[in-house]
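*Asks:* full-length UniProt numbering applies: residue 1 is where the sequence shown begins, and numbers increase by one.
Heads up, the beta-carbon is just placed ideally off N, CA and C, and yes, glycines get one too.
If you scroll down you'll find the structure; I have some questions about it.
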Amino acid sequence: MSIDLDAMSLRELRDLRNKLDRAISTFEDRRKREALAAAESAAREYGFNLADLTVAKQARGKVAPKYANPADPSQTWTGRGRKPRWVQEALDAGKKLDAMEI
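Right under this line is the structure:
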């Protein structure tokens with residue numbers, strides 16, 4: 001099938017683009033359904049439901065702060081992750097982490 005795009009009007013080109021967009025979307029939807037069916041079939045072969053295998057890991061809940069800045073109690077740290085600057089400065093000054101516990 002050969003289409004002479006140069007001979008088409010702007011309206012015809014836009015109609016063609018819309019038809020192509022719908023065809024692409026339909027194709028992608030069909031492929032997704034096929035992939036999902038294949039994944040479900042593979043899960044059943046092993047005795048699982050696809051939902052059992054695709055459950056997302058639950059995010060950790062918020063952790064209560066464990067340390068507070070003695071100079072500014074509104075600055076807190078849970079003790080997880082990178083140390084805030086105020087914690088590192090206090091440690092460098094010779095303070096103990098235990099002294100900053102809440």
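Using only CA atoms, which one of 24, 47 and 80 lies nearest to residue 60?
*Replies:* Looking at the Cα atoms, 80 is the closest of the given residues.
*Asks:* Along the alpha helix (DSSP H) that carries residue 115, what are the first and last residues, could you check?
*Replies:* There is no way to answer for residue 115, as the model of the chain reaches only from 1 to 102.
*Asks:* Which partner residues does residue 7 have in the DSSP bridge list?
*Replies:* DSSP, once it has assigned bridges, lists no residue as partnering residue 7.
*Asks:* Let's test the definition: count the other Cβ atoms within 10 Å of the Cβ of residue 67 and tell me whether it reaches 16, buried, or not, exposed.
*Replies:* Result: buried.
*Asks:* Can you find the residues in the same chain that come closer than 7 Å, C-beta to C-beta, to residue 90, ignoring five residues on each side of it along the sequence?
*Replies:* If we look at residue 90 and ignore the five residues flanking it on each side, its Cβ neighbours are 100.
*Asks:* So residue 102 packs on residue 70, CB below 8 Å; how close in whole Å?
*Replies:* The Cβ separation is near 11 Å, so there is no contact.
*Asks:* Keeping to the same chain, check which residues put their C-beta closer than 7 Å to that of residue 1; ignore five residues upstream and five downstream.
*Replies:* There are no such residues.
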